[in-house]
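**Student:**
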Amino acid sequence: MMKKLAIRNWYALSARACVGLALMPVILIGIFGSRFSAYGPIDFVDMPLSPPTPEAMFGTDFEGHDVLSRFLHGGWQLLGVAGLGSLGAVFIGSILGLAGGVFSGHGADLLYRVLDGIMVFPPLVLILVVMTGTTDSELAVLFVLWLVLAPPVARIIRVAAVAISLTEYFQAAVAIGTGKFRLLVQEIAPNVVPQILALIPIYFTASLSLATAVHFLGYGVSPFTPDWGVMLAENQSGLELQPWGVVLPVVAIVAICVGVNLVTDGLTRRYLDQSVHM
């Protein structure tokens, strides 16, 4: 009975992961789509907000540009920002979390009070506050993404690090006089690698959503840049006449977020299931 249940769960997880993998090509379209574009991102094709035609499969946007070409050119920058945002946030948060699991004192307490203070603010509100006082560039967008996303990562990794520090083998290493830095590198860090790897795709979707919102509001990109977030802002006024300028980027962003989450969930559950049965 247990074997049949395990097999059924395995197929359920595999199906979930397969659905997610089926959505993953959207990422490739976002990165390499410009190579297959029929027009340039600023080429005038037809009258603004024209319906789909053989020359423009998804019609034109509010300035007469081909919607499909703008879409194919508009993903790589946004996905790049989201990828660097998630990697940077997980890297910074992991270092802070690992250090918080080993080192203690007033400095560590003050650091985590600051991180708690950052986490109090809604992410988008904090991003807008910081962006209004910085240079309008992608580097500034990356900085605020790291600022917003690193604190919760630090909290998660710190909890995992503290749990490891309470184990018998860790206490034995402390008892024989192992230094804190060596404890961090040899005993704690290798044991939190699965948690760190699991956080990267999760925070990629969060970074993608926030980066889209920031670009939608006009920060980090110049006007008329071929970008999915900018496309949403540009074409929202003509949504009733020509919806494809909004529908294509929305579908792509949702597909990427859902696909990444399904793959991550399927792989994580399978890893945990294997750990339980070992």
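Heads up, the sequence shown is in the working numbering, so the first residue is -3 and it goes up one at a time.
Virtual Cβ for every residue (Gly too), placed ideally from N, Cα, C.
Remember, predicted model here, so these are calculated numbers, not experimental data.
#1: Taking the alpha-carbon positions, what's the Q73 to V137 distance?
#2: How would you call M(-2), buried or exposed, if buried means at least 16 neighbouring beta carbons within 10 angstroms?
#3: Report the option in A18, V140 and P190 whose CA atom is closest to the CA atom of M115.
#4: Can you find the residues in the same chain that come closer than 8 Å, C-beta to C-beta, to I337, ignoring five residues on each side of it along the sequence?
#5: Look at the Cβ atom of V144, then the Cβ atom of L206, and state whether they are nearer than 8 Å.
#6: Return the CA-CA distance between R66 and V149, expressed in angstroms with no decimal places.
#7: Rounded to the nearest angstrom, what separates V272 and F166 at their Cα positions?
#8: From G225, V63, S30 and I23, pick the residue whose C-alpha is nearest to that of D42; which is it?
#9: Would the beta-carbon of D57 fall within 8 Å of that of G262?
#10: Starting from F87, trace the alpha helix (DSSP H) in both directions and tell me its first and last residue.
#11: Using the C-alpha atoms, what's the distance from P147 back to G113?
#12: Rounded to a whole number of angstroms, what is the C-alpha to C-alpha distance between A156 and I252?
#13: On the criterion of 16 or more Cβ atoms from any shown chain inside 10 Å, does G103 qualify as buried, or is it exposed?
#14: Determine contact between the segment 87 to 100 and the segment 178 to 187, defined as no fewer than three beta-carbon pairs at a distance below 8 Å.
#15: State yes or no: is the C-beta of H211 nearer than 7 Å to some heavy atom of the ligand NAP?
#16: Just to confirm, are I196 and L83 a CB contact at a threshold of 8 Å?
#17: Pick from I123, G29 and L135: whose alpha carbon is nearest that of A80?
#18: Answer yes or no: do Q238 and G55 have a C-beta to C-beta separation smaller than 8 Å?
#19: Count the other CB atoms within 10 Å of the CB of M53; is the residue buried (16 or more) or exposed (fewer)?
#20: In the DSSP assignment, the alpha helix (DSSP H) including H211 goes from what residue to what residue?
#21: What's the gap between the Cα of L1 and the Cα of C14?
**Tutor:** On the basis of the coordinates in this document:
#1: Each residue's alpha carbon lies about 12 Å from the other.
#2: Model confidence at M(-2) stands at a pLDDT of 48, short of 50, so the residue's coordinates are unreliable and nothing is read from them.
#3: V140
#4: In the structure as shown, the chain starts at -3 and stops at 274, and residue 337 therefore has no counterpart that could be examined.
#5: yes
#6: 34 Å
#7: Low confidence applies here, because V272 scores a pLDDT of 43, under 50, leaving its location unreliable and the question unanswered by this model.
#8: V63
#9: no
#10: W72 to V98
#11: 9 Å
#12: 28 Å
#13: exposed
#14: Verdict: yes, contact present.
#15: Ligands in the displayed structure: none, and consequently the ligand NAP is not present.
#16: yes
#17: Reading off the sequence shown, one finds Leu at residue 80, where the question assumed Ala. Of the candidates I123, G29 and L135, the one whose C-alpha sits nearest the C-alpha of L80 is L135.
#18: yes
#19: exposed
#20: V189 to F212
#21: The predicted model places L1 with a pLDDT of 48, which falls under 50 and marks its position as unreliable; any figure quoted below should be read in that light. Computed Cα separation, rounded: 20 Å.
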